[in-house]
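**Q**
Residue numbers (mature numbering (1 follows the signal peptide of the UniProt record, and there is no 0)): -18 to -1, 1 to 633.
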């Protein structure tokens, strides 16, 4: 019996690579990096001799014990089309329409993933999208607990009005500008995932090299069952301040009792949307939504209608501990509430529901519009569109979806490892929104990512990123700002060699975390590459804080990348967005004037200034300092006082 099992094991494991094959990246229309050695790899039978030909070069090698083989071709200049041929006793494989040019890895979260179809002026842009020498490969979303050998899906697509809608918008607009300036083929290797944290993209080895992330890497789950246990404990600790406490069914009956204690429940301003984005990442199972509803006396004796947004699982609706009704319908639900169900003043409304049925990927929660959540009697309507509370059911069977933020390194394992060591010129990175709560730690985790990838590729390639745009509130420095602190961490990462940053606070949208103007974002990335990688003598960077001098009650701030001068981009012609504080750390919105390539800042209440800050808020809408070359100045502060994100740690 053991011999039969061994035979079957060997048969299954050798048949995986029964015929020679190439890694999925090497498929028709691929763009390969010029002027660098070109690695090509794939699989065959263990120990099998493999011959690989590209253009006029032929290289022979032998598959290792696992069946993997890799060759490296000498650098080539831009051009094509070429053909790649692989042959071995087990068979042959070929790739056609290969171009040699410039390859850029596009990665990050949703603003990198944002497609051309969703960007500003798509109908116009797709008419200027027929560029046969621009190609795009999208890596499909996946997470794994162990490094993957190869991608299971994906293909190189040629830019055209029919295909460009699915391209990364930042990537395509960047590639188009490079192609128009250089007339060289451009390949975009696009591997991004909306909402992803930076820690998901870092290797285990990279984490082990960092003092703060080392312990996390040493305790990575080996199975998804282990991962679920970790996620469950983390969630219970966040809610109950103890990962050892698990509510019993009897405990959870109190949730619908009418006198529930909601102090440990998760607060959410908007009740509509996936719980994944409300602090319950990946949770799938039964859950409770609750709200304290104030009801006036004149509604008590009347039949009312409770309108709820969609959740098509079996819902039980409780008011003040009494089961009022059950629904399991699609769409907006209108539930009749009998007279005298409500009491005057505060009422506890609790909805017991489960995962969405028609769209199970959504999990628990409500879908649709918060405006559809209200109580009415025909004459009066009470909105329930804000300030709900959420609580998952730990006593009932539940699990966690395999999403991007459940386990660190898991995106790297599935979406970066299969790309190694595909030759690239550099990387474009648009991420950070998911890390704002740990902005101070981003000072270490972001440079760690860059150094990790360069180590893995064995290449100190160029790395350019988009600084966080404007989103949320525009409050003074006295309130603090996670987003400003993360922008500061991005600024600090410029200390690494061959890096650059596109400042985008002026083209953001305070009400939408996904601004649609990706053209200006891509242009600012392109100027970095055109200057630093392709030697064009052009302005390429935003003004960056250099130093400050305090004198006579004023602060004189100087900048790097302001050689051609500074200017105000405002119809009124005066600077805004500056604040100043003394040693008491109380900030005042300040008067600021351009003096050559410096800015003079003052306020009558600050006679001995100790700090200047600029654009230091989540959404610095008023900030209007630009270089005369047209680049917005980056937000900055001249102090190093502890910020509000200093305690945020990845766990």
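Heads up, the beta-carbon is just placed ideally off N, CA and C, and yes, glycines get one too.
Out of 136, 29 and 429, state which residue places its alpha-carbon closest to the alpha-carbon of residue 397.
**A** Position 415 of the chain shown, counted from the first residue, corresponds to residue 397. Residue 136 is the option with its Cα nearest to residue 397.
**Q** According to DSSP, is residue 132 part of a helix, a strand, or is it coil?
**A** The residue given as residue 132 occupies position 150 in the chain shown. Three-state DSSP puts residue 132 in coil, outside helix and strand.
**Q** Under a three-way DSSP split, which group does residue 334 fall into?
**A** The residue you call residue 334 lines up with position 352 of the chain shown. Strand.
**Q** Going by C-alpha distance, which of 57, 9, 44 and 416 is nearest residue 92?
**A** To locate residue 92, count along the chain shown from 1; it is residue 110. Checked all of 57, 9, 44 and 416; the closest Cα to residue 92 is 416.
**Q** Determine the DSSP secondary structure at residue 487, reduced to helix, strand or coil.
**A** One-based indexing of the chain shown puts residue 487 at position 505. Three-state DSSP puts residue 487 in a helix.
**Q** Can the beta-carbon of residue 582 be found less than 8 Å from the beta-carbon of residue 538?
**A** Within the chain shown, residue 582 is the residue found at index 600, counting from 1. Within the chain shown, residue 538 is the residue found at index 556, counting from 1. Taking 8 Å as the Cβ cut-off, residue 582 and residue 538 qualify as a contacting pair.
**Q** Apply the 10 Å Cβ neighbour rule to residue 288 and answer buried if 16 or more other Cβ atoms are within range, or exposed otherwise.
**A** Residue 288 sits at position 306 when you count from the first residue of the chain shown. For residue 288, the number of other beta carbons within 10 angstroms of its own is at least 16, and it is reported as buried.
**Q** Residue 180 and residue 424 - do their beta-carbons sit closer together than 8 Å?
**A** Sequence index remark: in the chain shown, residue 424 carries index 442 (1-based). Sequence index remark: in the chain shown, residue 180 carries index 198 (1-based). In contact: residue 424 and residue 180 (Cβ atoms closer than 8 Å).
**Q** Classify residue 120 as buried or exposed, calling it buried when 16 or more other Cβ atoms lie within 10 Å of its own Cβ.
**A** For this step, residue 120 is matched to residue 138 along the chain shown. With 16 or more other Cβ atoms within 10 Å, it is buried.
**Q** Given a cut-off of 8 Å, decide if residue 127 and residue 203 are closer than it, judged by their beta-carbon atoms.
**A** Position 221 of the chain shown, counted from the first residue, corresponds to residue 203. Position 145 of the chain shown, counted from the first residue, corresponds to residue 127. Going by C-beta atoms, residue 203 is nearer than 8 Å to residue 127.
**Q** Between the region 388 to 403 and the region 274 to 288, are three or more C-beta pairs nearer than 8 Å?
**A** no
**Q** Just curious, the alpha helix (DSSP H) that residue 188 is in, first and last residue?
**A** In the chain shown, residue 188 corresponds to position 206, counting from 1. Counting along the chain, the alpha helix (DSSP H) containing residue 188 begins and ends at 186 to 190.
**Q** Output yes or no for whether 8 Å exceeds the beta carbon distance between residue 51 and residue 26.
**A** As a working mapping, residue 51 is identified with position 69 in the chain shown. As a working mapping, residue 26 is identified with position 44 in the chain shown. Against a cut-off of 8 Å, the Cβ pair of residue 26 and residue 51 comes out as a contact.
**Q** Assuming residue 484 contacts residue 449 (C-beta within less than 8 Å), just tell me the rounded distance between them.
**A** To locate residue 484, count along the chain shown from 1; it is residue 502. To locate residue 449, count along the chain shown from 1; it is residue 467. That belief holds up - the Cβ atoms of residue 484 and residue 449 are roughly 7 Å apart, short of 8 Å.
**Q** Could you compute how far the alpha carbon of residue 533 sits from the alpha carbon of residue 584?
**A** On the chain shown, position 551 is the one that residue 533 refers to. On the chain shown, position 602 is the one that residue 584 refers to. Roughly 10 Å between the two C-alpha positions.
**Q** Relative to the C-alpha of residue 46, which residue among 561, 24 and 595 is closest?
**A** Position 64 of the chain shown, counted from the first residue, corresponds to residue 46. For the residues 561, 24 and 595, the minimum Cα distance to residue 46 belongs to 24.
**Q** Check residue 12 in the structure and name its three-state DSSP category.
**A** As a working mapping, residue 12 is identified with position 30 in the chain shown. Coil at residue 12, not helix or strand.
**Q** By DSSP, does residue 266 sit in helix, in strand, or in coil?
**A** Reading the chain shown from its first residue, position 284 is the one you call residue 266. Three-state result, residue 266: strand.
**Q** I'd like the list of long-range same chain contacts for residue 130, defined as Cβ closer than 8 Å, with 5 residues on each side in sequence excluded.
**A** Residue numbering aside, residue 130 sits at position 148 when the chain shown is read from its first letter. Excluding sequence neighbours, residue 130 sits near 124, 395, 396, 399 and 400.
**Q** Three Cβ pairs or more, each shorter than 8 Å: is that satisfied between the region 319 to 339 and the region 257 to 271?
**A** As far as the Cβ criterion goes, the region 319 to 339 touches the region 257 to 271, which means the pair count is three or higher.
**Q** Report yes if the C-beta distance between residue 293 and residue 373 is below 8 Å; otherwise report no.
**A** Indexing the chain shown from 1 puts residue 293 at position 311. Indexing the chain shown from 1 puts residue 373 at position 391. The answer is no: Cβ separation not under 8 Å.
**Q** Hey, would you say residue 84 sits closer than 8 Å to residue 166, going by beta carbons?
**A** As a first step, residue 84 must be located in the chain shown, where it is residue number 102. As a first step, residue 166 must be located in the chain shown, where it is residue number 184. Going by C-beta atoms, residue 84 is nearer than 8 Å to residue 166.
**Q** Going by alpha carbons, who is nearest to residue 206 out of 34, 388 and 41?
**A** Reading the chain shown from its first residue, position 224 is the one you call residue 206. Nearest of 34, 388 and 41 to residue 206, Cα basis: 388.
**Q** Quick one: any contact between the region 59 to 69 and the region 29 to 45, if contact means 3 or more CB pairs under 8 Å?
**A** yes
**Q** Count the C-beta pairs between the region 97 to 115 and the region 493 to 501 that are closer than 8 Å, then say yes if the count reaches three, no if not.
**A** yes
**Q** According to DSSP, is residue 388 part of a helix, a strand, or is it coil?
**A** Working through the chain shown from its first residue, we reach residue 388 at position 406. Here residue 388 sits in coil by DSSP.
**Q** With distances taken from CA atoms, which of 115, 527 and 540 is nearest residue 80?
**A** Counting from one through the chain shown, the residue named residue 80 turns up at place 98. The shortest C-alpha to C-alpha distance from residue 80 to any of 115, 527 and 540 is the one to 115.
**Q** Excluding the 5 residues preceding and the 5 following residue 153 in the sequence, name in chain order all residues of the same chain whose CB lies nearer than 8 Å to its CB.
**A** Against the chain shown, residue 153 aligns to sequence position 171. 86, 88, 94, 118, 170, 172, 410 and 504, listed in sequence order.
**Q** For the beta strand (DSSP E) containing residue 460, name the first residue and the last one.
**A** Indexing the chain shown from 1 puts residue 460 at position 478. Counting along the chain, residue 460 falls outside any beta strand (DSSP E), and DSSP gives it neither H nor E.
**Q** Tell me which same chain residues have a C-beta within less than 7 Å of the C-beta of residue 322, skipping the five on either side of it?
**A** Numbered from its first residue, the chain shown carries residue 322 at position 340. Listed in chain order, the non-local C-beta contacts of residue 322 below 7 Å within the same chain comprise 282 and 283, local neighbours out to five positions each way being set aside.
**Q** For residue 590, tell me which candidate among 568, 602, 600 and 580 has the shortest Cα-Cα distance.
**A** As a first step, residue 590 is located in the chain shown; it is residue number 608 there, counting from the start. It is 568.
**Q** Using the C-alpha atoms, what's the distance from residue 611 back to residue 141?
**A** Indexing the chain shown from 1 puts residue 141 at position 159. Indexing the chain shown from 1 puts residue 611 at position 629. Residue 141 and residue 611: Cα-Cα distance of roughly 31 Å.
**Q** Quick check on this structure: which residue in 362, 259, 390 and 31 has the alpha carbon closest to the alpha carbon of residue 185?
**A** If you number the chain shown from 1, residue 185 lands on position 203. Out of 362, 259, 390 and 31, 390 has the C-alpha closest to the C-alpha of residue 185.
**Q** Which partner residues of residue 90 appear in the DSSP bridge assignment?
**A** Position 108 of the chain shown, counted from the start, is the residue given in the question as residue 90. Residue 90 is bridged to 174 and 412.
**Q** Once DSSP output is grouped into helix, strand and coil, what is the label at residue 381?
**A** Stepping through the chain shown from its first residue, residue 381 is reached at position 399. Residue state, collapsed to three classes: strand.
**Q** Could you name the residues that DSSP lists as bridge partners for residue 329?
**A** For the purposes of this step, residue 329 is taken as the residue at position 347 of the chain shown. For residue 329, which the question treats as bridged, DSSP gives the partners 275.
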